[in-house]
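A short worksheet on the structure shown next.
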């Protein structure tokens, strides 16, 4: 069998320059290797390589019609999977070496994981239509000549999806996992229980799903919903059976992704308490229902908060520890990952403070402050987790409770908590709100669902984990979190994830010296075309400007438009019409006309519109005025 390759007389196509995350080392040459219609491969160990070859076979057959087949003895092959006989220390468990030349495609690694990540790079080197789910007739599938040496910076590279606030189906979760794998994430943090829903079947506590998985459907702004009527149907939600969980775990494993399950406790437990009121310290809990997004907490500011409804498990009730033992036992049996995430964040203790059982517990244990009762709870939970053969991980609040160094800390608040935990020997996963919270707005509130903070792509990309007192080697990895209070549909979950998860992927995998914002933006725009081919939704927010308002010396409003990208031209109108590139071009602060009701802004690049129309009411601008 002969293999075709092309020698190019023009600069190398951009495919090799659009890989996310950025490889450690990459050398390109002129020329391309074209995949034959029957793609034969060799493998140094066919059984060990089977998950990788099965994945590749399933992926490429739909859009290309190419048949992937193990080469017969002495048959010339186009694709070579090579597991090193002697460990290549540079590559570690997940690194790979890739070579594409006139002889074919060669992927070499120490493990199957490394081969899998090599395959992901090859797929990104193929044309964007490889992402299609339908057959493309007469397509030419070629890969540029390239030599790559690649390995990850951090061992833990995660995305968290909250399915408690809004439920996503098994198929949607698997789709999310599949897209993660494309960008070399290796951990899916599954937030399975919260005030708004309990999402996993627990056979020893069946009401957790018969009651706790359902609330009243509301749409609008989460947290501001109107009171729930007694007669409104509680039919919104859902849960995963244990068979569903096993299927998702197996699916993730086939993509070399571990699943970290989270059961948040003692706070964020209203769904559990609505199912089993005896788990609460509060007698009124017999009347509680699963939250539908109506206010259940108050946030007076300054980091302080209180519960309106008692959403805390009772630390002075032995039934709670029997519950935790049973639940975590079933969870441990479902998930092979060696860690269990037990939450521990945002524990409002105002109901604990007036409970006689808690007061008795404090006196018995010599606890002088109600806030320190959580330390007693966490140490009991730590023992339960250990009894299941697992290690505990939780949000950084549990570090302050004095858990043992064997417990890992997920640092979401101030970096000082992560640095202190790392210094005391805890494994630390960094997911700081200011860089890693994917539920934050990506552009102005006028075009994004309203949330209390914003996070632009450029800032996400700017995150450097080894900073703020944390040293190299103390960080297990990094993660981005998608909380779903304002995410009602899976398409919106995609929109909130991409492209910011590209930035997280590159920070987690690539070497710091390899990161370059301008090159990254070019790659993101190439990936947009691939997401279009795959019908995956993403946010075009990087083309939206920031709106900043001041006043001149006469008190008149001056509007500044701050683009995230340097190569955009912004055109605007105040006359309610939609601007194009023949309208006024933004060159500096604009005097807002006295009778204008709105400004419309559209970005252009090279004379062509890009992104979306931004519409900003003048009334909103007036509220944002900052006096010089």
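Numbering (this note's numbering), first residue to last: 230 to 857. In this text, a Cβ means the ideal position worked out from N, Cα and C, and glycines have one as well.
message: So, at 6 angstroms on beta carbons, what are the nonlocal neighbours of residue 642 in its own chain, with the 5 sequence-adjacent residues on each side left out?
response: 625
message: Assuming residue 668 is part of the beta strand (DSSP E), what are its boundary residues?
response: Taken as a continuous stretch (DSSP letters only), residue 668 belongs to no beta strand (DSSP E), as it is neither H nor E.
message: In the DSSP output, which residue or residues are listed as bridge partners for residue 800?
response: 814, 831
query: By a C-beta neighbour count over all protein chains shown, 10 Å radius and 16 as the cutoff for buried, is residue 207 buried or exposed?
result: The structure shown does not extend to residue 207, since the chain spans only 230 to 857, so no value can be given for it.
- prompt: Mapping DSSP to helix, strand and coil, what is residue 607?
  reply: helix
message: Please report the distance separating the alpha-carbon of residue 239 from that of residue 663.
response: Unreliable positioning characterises residue 239 in this predicted model, as indicated by a pLDDT of 34, which lies under 50. The coordinate reading is nonetheless provided below. When rounded, the distance between both Cα atoms is 43 angstroms.
query: In this structure, what does DSSP give as the bridge partners for residue 379?
result: 325
Alpha carbon of residue 756 to alpha carbon of residue 247, nearest angstrom: 7 angstroms
query: Would residue 709 pass as a contact of residue 730 if the rule is Cβ separation under 7 angstroms?
result: yes
- request: Kindly list the residues whose CB is nearer than 6 angstroms to the CB of residue 627, restricted to its own chain and excluding five residues on each side of it in sequence; keep chain order.
  value: 573, 607
- prompt: Over what stretch of residues does the beta strand (DSSP E) that includes residue 550 continue unbroken?
  reply: Per DSSP, residue 550 belongs to no beta strand (DSSP E); it is in the alpha helix (DSSP H), 547-563.
query: Alpha carbon to alpha carbon, what distance is there between residue 803 and residue 494?
result: 51 angstroms
message: Can you find the residues in the same chain that come closer than 7 angstroms, C-beta to C-beta, to residue 447, ignoring five residues on each side of it along the sequence?
response: 454, 521, 522
- request: Determine the DSSP secondary structure at residue 712, reduced to helix, strand or coil.
  value: coil
query: Per the contact definition of three or more C-beta pairs closer than 8 angstroms, is the stretch 365-379 in contact with the stretch 298-306?
result: no
- prompt: How many whole angstroms separate the CB atoms of residue 772 and residue 696, which I take to be in contact at a CB cut-off of 8 angstroms?
  reply: That pair is no contact at about 29 angstroms.
field: Of the residues 430, 290, 351, 798, the one placed nearest residue 836, counting alpha carbons only
entry: 798
- request: Give the DSSP bridge partners of residue 417, in chain order.
  value: 388, 488
field: DSSP three-state assignment for residue 535, whether helix, strand or coil
entry: strand
message: Quick check: the Cα distance between residue 671 and residue 725, rounded to an integer number of angstroms?
response: 8 angstroms
task: Could you say which of 807, 758, 821 lies nearest to residue 779 if we only look at CA atoms?
output: 821
- prompt: Looking at the unbroken beta strand (DSSP E) that takes in residue 528, where does it start and where does it end?
  reply: 526-530
field: For residue 845, the first and last residue of its enclosing beta strand (DSSP E)
entry: 837-846
- prompt: Excluding the five sequence neighbours on either side, which residues of its own chain have a C-beta within less than 7 angstroms of the C-beta of residue 406, listed in chain order?
  reply: 417, 480, 481, 484, 486
- prompt: Would the stretch 339-347 and the stretch 391-398 be scored as touching if the rule is three or more Cβ pairs under 8 angstroms?
  reply: no
Same chain only: Cβ atoms within 8 angstroms of residue 846, ignoring 5 sequence neighbours per side: 675, 826, 827
task: Along the alpha helix (DSSP H) that carries residue 345, what are the first and last residues, could you check?
output: 341-354
query: Per DSSP, which one or two residues make a beta bridge with residue 423?
result: 426
task: Consult DSSP for residue 786 and reduce its assignment to one of helix, strand or coil.
output: strand
query: Which value, in whole angstroms, describes the spacing of the CA atoms of residue 857 and residue 400?
result: Reliability of the predicted coordinates at residue 857 is poor, the pLDDT of 46 falling under 50, and the value obtained from them is presented with this limitation in mind. Computed Cα separation, rounded: 53 angstroms.
query: Which residue from 373, 703, 712 puts its Cα closest to that of residue 263?
result: 373
field: Environment of residue 334 [buried if 16+ CB atoms lie within 10 Å]
entry: buried
field: Short Cβ contact (7 angstroms threshold) for residue 705 with residue 632
entry: no
field: Minimum length 4: unbroken alpha helix (DSSP H) runs contained in the stretch 469-519
entry: 471-482, 499-504
task: Spell out a yes or no on whether the stretch 430-445 and the stretch 542-556 are touching, meaning 3 or more CB-CB pairs, one atom from each, closer than 8 angstroms.
output: yes
task: Please confirm whether residue 337 and residue 311 have their CB atoms less than 7 angstroms apart.
output: yes
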